[in-house]
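Asks: Residues 1255 to 1692 in our numbering are what the sequence shown lists, from first letter to last.
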Amino acid sequence: MKFYSTNNPNFQVDLRKAVLQSLAPDKGLYMPTHIDRFSSQWIEDTLPNLDLVEIAFEVSSKLFGPTIPAGELRSLIEKSINFEAPKERLAENLYSLELWHGPSMAFKDFGARFMAALMGYFLQNDDQKTTILVATSGDTGGAVAAGFYGHPFIDVVILYPSGKVSDIQEKQLTTLGQNIRAYEVAGSFDDCQDLVKKAFLDTDLCRKFQLSSANSINIARLIPQSFYYFDSAKEFVRHKDRSLVYSVPSGNFGNLTAGLIAKKMGLPIDLFLATTNANDTVPHFLSTGSFVPKVSVQTISNAMDVGNPSNFVRMMELYGHDVHAMRSDLRGYAYTDTENEEAIRRVFDVFGYVTDPHGALAAWSLIQYQLENPQAIGVFLETAHPAKFLDVMNPILGEDVVIPDRLAILAQKVKQATKIGTDFENFKLQLMGDLKIH
C-alpha cells in the first residue's frame, strides 16, 4: 500500500515513511492511494461476530496491505488496543459510544497507543532516535504522553496553549518526565499547531533530528479511530430499514475523518453530524460552500477549539473535492457555550447520564436530529471522561462529578513545563537546546 500527499497525488511513499514523516515535504497530508471496501456479505455476516481486536486487525490489514506480516500486526494491535469502547443505551434509539476507557481516559488513546506500537515496530532496528512533536488542545497530549512514555526509541515534545486546557489535562501531559517534555505556549491551539508544522519544514531541524508527529495529521493516528466505528455499528448493520446516524464532536476533524474512511470501506453509516462549538469553520462550509479558516475562540469544550482544522483537506480528498457529495453524508451543527451548558444539564436530567463538554454537544445535535427523524438509530461519541473537566462540569450540574482513581492521583504530581511564545525562531532555539541536553 502506498500513501500520497494531498498536495500532489503523484508523490507517494510507503507506510513506514508516511508514519515516521507525518507531513509530506510539500506540506500535504498522507492518504492511502486507494481504500478497498469490505463486501456487504462480510459487513452483515462476519462483522457482527468479531471483537474489537479482530476488527482492528481486519481494517488495518485492508488499509496497510502486506506491509506488516500478519502475526506482527496482530501482536501490535493486541498490545495497543487492550481496552473496550462500550456503548451506553440512553433511550430506544439513542446511544453513547464511550471512548474514554483507555489509560488517559480519552478517545485519543486509540490513536496514540496504536501509533506508538507501529512506530516502535518501524524503529526497532534504527540507530537514531525519533522526536515526536505534537500540538494539543487538551486530550491529545495526555494520550500521547501515556502512549509513548518510556519508549526507548522515541522522545516526545508536547505543545499546549497556556490556560486553555483543564487542570487534569495539563497534569497528564506535564508530570511524566523521562522522554516526555512539555512546552506551555502563550497562545492558542492554532499557534501550537503552526509551530509544529513549521518545524517539519525547517531544514536545520529536519537535518539534525528525525521528526514525526502524533497529531491526527499522522495517518497512523487517524486509522485506528476507524476501528470503533466498525465495532459500535456491528449490531446495527442488518437494520436496513432504519438509518444509522453518528454525531461526532469535532475540532481538528480527525475523528470524523476516520468515520468517513470507515464508510468508504463499506460500513453502512447513513449520515454524520459534524458538531462543533463556536469554532464553526466546517459547519459554515457545509452551509455556504466556503471554507474560511479563522482564529480559534476559547470555549468550555476546549479540545474542539480549532479554527483551521487540518483534516478538512482529507475530508475533501475522500469526496473528490465535491461539496455536494460531502453534503449528502454530512450535516453541520455549531453551538455556543450557553447551549453547551444546557445540553449537559438536559442530558443529565432526562437520561441520568453525565456527558463531558464535548460529547454533550454531539448528544445535543443528535437529539435535535432525532426530533425530526425518530426512527433513526443514533450514536454520539463521548470522547473523554467528564471528570477531566471538573471546573466546567461541577458548576453546571450543581454536584461533584466522581473522579476515577487514575485521574485523582494526578493532583499529587508536580507540573514540569517550559513556557514559550509563538515566535518560531525562539521555539526552534529552545527545542534544539533541549533535545541536545536530553
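Note that beta-carbon positions come from the ideal geometry of N, C-alpha and C, so glycine has one too.
May I ask you to report which of helix, strand or coil DSSP gives glycine 1392?
Replies: The residue given as residue 1392 occupies position 138 in the sequence shown. In this structure, glycine 1392 counts as coil in the three-state DSSP scheme.
Asks: Quick one: what does DSSP say proline 1640 is sitting in, helix, strand or coil?
Replies: On the sequence shown, position 386 is the one that residue 1640 refers to. Reduced to three states, the DSSP call for proline 1640 is helix.
Asks: Taking the alpha carbon of isoleucine 1386 as the reference point, which residue from Lys1341, Glu1438, Ala1453, Thr1428 has its own alpha carbon closest?
Replies: Residue numbering aside, residue 1386 sits at position 132 when the sequence shown is read from its first letter. If we check each option's Cα against that of isoleucine 1386, Ala1453 comes out closest.
Asks: From glycine 1561 to phenylalanine 1545, what distance separates their C-alpha atoms?
Replies: Position 307 of the sequence shown, counting from 1, holds the residue named residue 1561. Position 291 of the sequence shown, counting from 1, holds the residue named residue 1545. Approximately 11 Å between the Cα atoms of the pair.
Asks: Tell me whether glycine 1404 is buried or exposed, calling it buried when 16 or more other Cβ atoms sit within 10 Å of its Cβ.
Replies: For the purposes of this step, residue 1404 is taken as residue 150 along the sequence shown, with counting starting at 1. Under this definition glycine 1404 is an exposed residue.
Asks: Determine the direct distance from the alpha carbon of leucine 1527 to that of asparagine 1648, and round the result to whole angstroms.
Replies: In the sequence shown, the residue the question calls residue 1648 occupies position 394. In the sequence shown, the residue the question calls residue 1527 occupies position 273. The straight-line gap from Cα to Cα measures roughly 27 Å.
Asks: Looking at the strands, I want to know which residues DSSP matches up with aspartate 1409.
Replies: Mapped onto the sequence shown, residue 1409 falls at position 155. Answer is Thr1385, bridged to aspartate 1409.
Asks: Could you tell me the alpha carbon to alpha carbon distance between valine 1656 and valine 1419, rounded to whole angstroms?
Replies: As a first step, residue 1656 must be located in the sequence shown, where it is residue number 402. As a first step, residue 1419 must be located in the sequence shown, where it is residue number 165. If I take the Cα positions, the gap works out to 20 Å.
Asks: Just how far apart, CA to CA, sit leucine 1689 and arginine 1435?
Replies: As a first step, residue 1689 must be located in the sequence shown, where it is residue number 435. As a first step, residue 1435 must be located in the sequence shown, where it is residue number 181. Each residue's alpha carbon lies about 10 Å from the other.
Asks: By how many angstroms is the C-alpha of alanine 1662 removed from the C-alpha of phenylalanine 1602?
Replies: As a position in the sequence shown, residue 1602 is number 348, starting the count at 1. As a position in the sequence shown, residue 1662 is number 408, starting the count at 1. Between phenylalanine 1602 and alanine 1662, the C-alpha separation is close to 23 Å.
Asks: In chain order, what residues of the same chain lie with their CB nearer than 7 Å to the CB of phenylalanine 1710, ignoring the 5 residues before and after it?
Replies: Given that the chain is displayed from residue 1255 to residue 1692, the structure contains no residue 1710 and the question cannot be resolved.
Asks: Measure the alpha-carbon distance for threonine 1260 versus lysine 1451 and round it to whole angstroms.
Replies: In the sequence shown, the residue the question calls residue 1260 occupies position 6. In the sequence shown, the residue the question calls residue 1451 occupies position 197. Whole-angstrom Cα-Cα distance: 15 Å.
Asks: What is the rounded straight-line gap between the Cα of tyrosine 1258 and the Cα of glycine 1282?
Replies: If you number the sequence shown from 1, residue 1258 lands on position 4. If you number the sequence shown from 1, residue 1282 lands on position 28. Answer to the nearest angstrom: the Cα atoms are 9 Å apart.
Asks: Go ahead and label serine 1555 buried or exposed: buried means 16 or more other beta carbons lie within 10 angstroms of its beta carbon, across all protein chains shown.
Replies: One-based indexing of the sequence shown puts residue 1555 at position 301. Under this definition serine 1555 is a buried residue.
Asks: In angstroms with no decimal places, state the Cα-to-Cα distance between leucine 1459 and isoleucine 1674.
Replies: Locating residue 1459 in the sequence shown gives position 205, where the first residue counts as 1. Locating residue 1674 in the sequence shown gives position 420, where the first residue counts as 1. Rounded to whole angstroms, leucine 1459 to isoleucine 1674 spans 18 Å at the Cα level.
Asks: In this structure, does DSSP put phenylalanine 1265 in helix, strand or coil?
Replies: Here residue 1265 refers to the residue found at position 11 of the sequence shown. In the structure shown, phenylalanine 1265 sits in a strand (DSSP, three-state: E or B).
Asks: According to DSSP, simplified to helix, strand and coil, what is isoleucine 1471?
Replies: Residue numbering aside, residue 1471 sits at position 217 when the sequence shown is read from its first letter. The answer is coil: DSSP assigns isoleucine 1471 none of H, G, I, E or B.
Asks: With 16 as the cutoff for other CB atoms within 10 Å, does aspartate 1393 come out buried or exposed?
Replies: Residue mapping note: residue 1393 aligns to position 139 of the sequence shown, counting from 1. Buried, by the Cβ-count rule.
Asks: Give me the residue from Val1273, Arg1599, Leu1306, His1575 with the minimum Cα distance to glutamate 1489.
Replies: Counting from 1 along the sequence shown, the entry for residue 1489 is found at position 235. Measuring from the Cα of glutamate 1489, the nearest candidate turns out to be Leu1306.
Asks: Please report the straight-line C-alpha distance between lysine 1256 and threonine 1457, rounded to a whole angstrom.
Replies: For the purposes of this step, residue 1256 is taken as residue 2 along the sequence shown, with counting starting at 1. For the purposes of this step, residue 1457 is taken as residue 203 along the sequence shown, with counting starting at 1. The straight-line gap from Cα to Cα measures roughly 25 Å.
Asks: What number of angstroms, rounded off, separates the C-alpha of histidine 1692 from the C-alpha of leucine 1372?
Replies: If you number the sequence shown from 1, residue 1692 lands on position 438. If you number the sequence shown from 1, residue 1372 lands on position 118. Note that histidine 1692 scores 48 on pLDDT, short of 50, meaning its location in the model is unreliable; the coordinates nonetheless yield the value given after this. C-alpha separation (whole angstroms): 24 Å.
Asks: Considering only the beta carbon of each residue, do asparagine 1531 and leucine 1615 sit closer than 9 Å?
Replies: For the purposes of this step, residue 1531 is identified with residue 277 of the sequence shown, where counting begins at 1. For the purposes of this step, residue 1615 is identified with residue 361 of the sequence shown, where counting begins at 1. Against a cut-off of 9 Å, the Cβ pair of leucine 1615 and asparagine 1531 comes out as a contact.
Asks: Hey, how far is the Cα of threonine 1592 from the Cα of isoleucine 1473?
Replies: Within the sequence shown, the letter at position 338 stands for residue 1592. Within the sequence shown, the letter at position 219 stands for residue 1473. Spanning the two alpha carbons is a distance of roughly 35 Å.
Asks: Where do the ends of the alpha helix (DSSP H) carrying threonine 1428 lie?
Replies: In the sequence shown, residue 1428 corresponds to position 174, counting from 1. 1421-1428 is the extent of the alpha helix (DSSP H) around threonine 1428.
Asks: Rounded to a whole number of angstroms, what is the C-alpha to C-alpha distance between aspartate 1677 and asparagine 1469?
Replies: For this step, residue 1677 is matched to residue 423 along the sequence shown. For this step, residue 1469 is matched to residue 215 along the sequence shown. Cα to Cα, aspartate 1677 sits roughly 20 Å from asparagine 1469.
Asks: Looking at the secondary structure, which residues open and close the alpha helix (DSSP H) in which valine 1313 lies?
Replies: Residue mapping note: residue 1313 aligns to position 59 of the sequence shown, counting from 1. Residues 1306-1318.
Asks: Look at the alpha carbon of alanine 1440 and the alpha carbon of alanine 1389, and state the distance between them as a whole number of angstroms.
Replies: Walking along the sequence shown from the start, residue 1440 turns up at place 186. Walking along the sequence shown from the start, residue 1389 turns up at place 135. So the two alpha carbons sit approximately 13 Å from each other.
Asks: Using three-state DSSP, classify serine 1442 as helix, strand or coil.
Replies: Against the sequence shown, residue 1442 aligns to sequence position 188. Of the three classes helix, strand and coil, the one that applies to serine 1442 here is coil, per DSSP.
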